[in-house]
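In the numbering used here, the protein residues as written are 9 to 282.
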């Protein structure tokens with residue numbers, strides 16, 4: 009049992025979306041009353057302007073609040089390789105972004121520059137000698153970068169692609185934030201032929217560190233995974249689906265000393281009334 013196993017959160021939320029000629033705007037406000045961490049107000053402001061029927065510019069700013077989890081605060085590990093931290097503070101952040109969307113026919117391109125400044129971000133810190141890990145607050149962190157995206161059709165294929173280039177750092181030390189890569193992305197391509205649907209996915213990530221000090225011994229190298237999907241429509245409401253993850257059985261890490269799935273296959277019979 010946790011030292012504390014109850015938390016009450018009462019929230020109120022309001023938002024407004026508007027459009028006038030070439031202008032679009034959005035505003036949201038939220039108020040949370042957290043029995044453990046007090047009252048917090050967050051919000052969002054967004055604006056977009058359509059330069060042409062194909063090109064749309066947008067800007068936005070917002071704030072966020074995130075309370076520590078019960079696991080981070082109180083979880084007890086019988087192996088003693090994890091120590092909770094009941095003194096953790098909630099994360100608070102301020103974010104801004106600017107971007108553009110370009111759509112021609114069924115093809116949509118997007119580019120976004122973002123900057124997120126976080127106070128008291130919770131990270132897992134591991135002792136290099138004992139390998140005991142504990143969550144801690146970092147005073148100031150910043151994640152800024154660019155996100156590029158594509159959705160559309162070409163040559164009879166449906167495609168989705170995403171690339172994120174970012175700089176996630178502890179502002180006090182200049183070191184990379186733990187378990188966050190400077191580059192990551194994905195590409196998915198699918199095709200439909202009569203009752204069959206086929207898909208190919210690639211997900212990739214650059215190198216990351218499992219420590220807050222960029223310890224070379226804690227470096228986790230980049231990886232790329234290939235996944236395959238297929239489905240067959242048996243009838244109007246019934247289909248058989250299959251998914252083959254990590255086709256080449258690639259070894260990779262999301263956290264040091266924790267296993268990740270090797271090559272694996274899932275099959276399912278799906279009923280979806282229409």
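Beta carbons: idealized from backbone N, C-alpha and C, even for Gly.
Per DSSP, residue i forms a beta bridge with which residues?
{"i": "residue 71", "result": "102"}
{"i": "residue 6", "result": "In the structure displayed, the chain extends from 9 to 282; residue 6 sits before or after that span and is not available."}
{"i": "residue 185", "result": "Answer is none; residue 185 lacks a bridge partner."}
{"i": "residue 78", "result": "Partner(s): none; residue 78 has no beta bridge."}
{"i": "residue 276", "result": "249"}
{"i": "residue 51", "result": "37"}
So is residue i buried or exposed if we call it buried at 16+ other beta carbons inside 10 Å?
{"i": "residue 189", "result": "buried"}
{"i": "residue 22", "result": "exposed"}
{"i": "residue 240", "result": "exposed"}
{"i": "residue 124", "result": "buried"}
{"i": "residue 15", "result": "exposed"}
{"i": "residue 61", "result": "exposed"}
{"i": "residue 43", "result": "exposed"}
{"i": "residue 135", "result": "exposed"}
{"i": "residue 107", "result": "buried"}
If we ignore side chains and look at the alpha-carbon of each, how far apart do residue i and residue j end up?
{"i": "residue 138", "j": "residue 181", "result": "24 Å"}
{"i": "residue 221", "j": "residue 205", "result": "46 Å"}
{"i": "residue 70", "j": "residue 244", "result": "44 Å"}
{"i": "residue 202", "j": "residue 66", "result": "39 Å"}
{"i": "residue 98", "j": "residue 74", "result": "6 Å"}
{"i": "residue 17", "j": "residue 92", "result": "22 Å"}
{"i": "residue 178", "j": "residue 149", "result": "4 Å"}
{"i": "residue 27", "j": "residue 72", "result": "25 Å"}
{"i": "residue 191", "j": "residue 115", "result": "24 Å"}
{"i": "residue 228", "j": "residue 140", "result": "18 Å"}
{"i": "residue 199", "j": "residue 55", "result": "36 Å"}
Apart from the five residues just before and just after residue i, which ones in its own chain have a Cβ nearer than 7 Å to its Cβ?
{"i": "residue 31", "result": "57"}
{"i": "residue 242", "result": "248"}
Using a Cβ-Cβ cutoff of less than 6 Å, which residues in the same chain neighbour residue i once the five nearest sequence positions on both sides are dropped?
{"i": "residue 24", "result": "35"}
{"i": "residue 105", "result": "68, 120, 122"}
{"i": "residue 197", "result": "165, 167, 208"}
{"i": "residue 275", "result": "250"}
{"i": "residue 195", "result": "169, 210"}
{"i": "residue 37", "result": "22, 51"}
{"i": "residue 109", "result": "64, 118"}
{"i": "residue 101", "result": "72, 124, 126"}
{"i": "residue 20", "result": "39"}
Quick test of your reading: residue i and residue j, contact by CB under 8 Å. State the CB separation rounded to the nearest angstrom.
{"i": "residue 129", "j": "residue 145", "result": "7 Å"}
{"i": "residue 246", "j": "residue 273", "result": "Incorrect: roughly 20 Å between the Cβ atoms, too far for contact."}
{"i": "residue 193", "j": "residue 171", "result": "4 Å"}
{"i": "residue 96", "j": "residue 80", "result": "6 Å"}
{"i": "residue 231", "j": "residue 213", "result": "6 Å"}
If you drop the 5 nearest sequence neighbours on each side, which residues of the same chain put their C-beta closer than 8 Å to that of residue i?
{"i": "residue 271", "result": "252, 253, 254, 255, 256, 257"}
{"i": "residue 282", "result": "244, 245"}
{"i": "residue 265", "result": "139"}
{"i": "residue 269", "result": "253, 254"}
Within 8 Å (strictly less), CB to CB, does residue i reach chain D?
{"i": "residue 271", "result": "As a matter of chain content, chain D is missing from the structure shown, which is built from one protein chain."}
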